[in-house]
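For the sequence shown, the residue numbers in the working numbering are 1 to 176. Don't be surprised by glycine CBs; every beta carbon is placed ideally from N, CA and C.
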Amino acid sequence: MDLAKKDISEALTLNDKIWQAHALLGVILDTEKKHSEAEKEYLKALEIQPDSAAVYNDLGVSLYLDGKFDKAAETFLKAFNINPENQRICNNLGLALFRLGNSEDALEAFKKGGHEAAAYNNLGYLQMKDKKYDKAVVALEKAIETNPSYYTKAQKNLDKVKAALKKTADGQIQLE
């Protein structure tokens, strides 16, 4: 990574208008958890190439990783408006919307990013991770109902939620 970062920096010294180099530098900075610096590079790339859904998506990921879910959702929406068929963008938008507490819109974004069963599984998985077990059960059961032959992943997640709902003698939730 250090060598790639050095090479990209040298390329930008020679020509600061290479939008791909700014975008790649942003990705490297994100891997180093330097999200503020990465954001600046993505914005430079977008100044040069304002219609790049990929760069908007990468910027959205950076903002998401930095905990800026509102800005991430706005940025993913810009990427979606450029390329509404991109599954990764749709799913990333769904993640950001979920983190903003908007499960209904998150589900719709997940649906655009794949099929209905996958969308319900994604929603259920996120709810499970947030320990919203009752909601997770509903979403995961809907995933299975929507596509029972294909969606064994939803069944596995549902089994995890049901295991988490087993109560110990003192009434505490026991994760297994």
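- For MET128, the enclosing alpha helix (DSSP H) begins and ends at 116-129.
- Its chain contains SER62, LEU65 and ASP66 as the residues whose beta carbon lies nearer than 7 Å to that of HIS35, once the 5 sequence neighbours on both sides are disregarded; these appear in chain order.
- A residue is called buried when at least 16 other Cβ atoms come within 10 angstroms of its Cβ; THR75 meets this threshold and is buried.
- In summary, LYS44 is buried, with 16 or more beta-carbon neighbours lying within 10 Å of its beta-carbon over all protein chains present.
- The alpha-carbon separation between LYS129 and LEU97 amounts to approximately 15 Å.
- Per DSSP, GLN87 is one residue of the alpha helix (DSSP H) stretching across 87-99.
- GLU39 counts as buried, since no fewer than 16 other beta carbons sit within 10 angstroms of its beta carbon.
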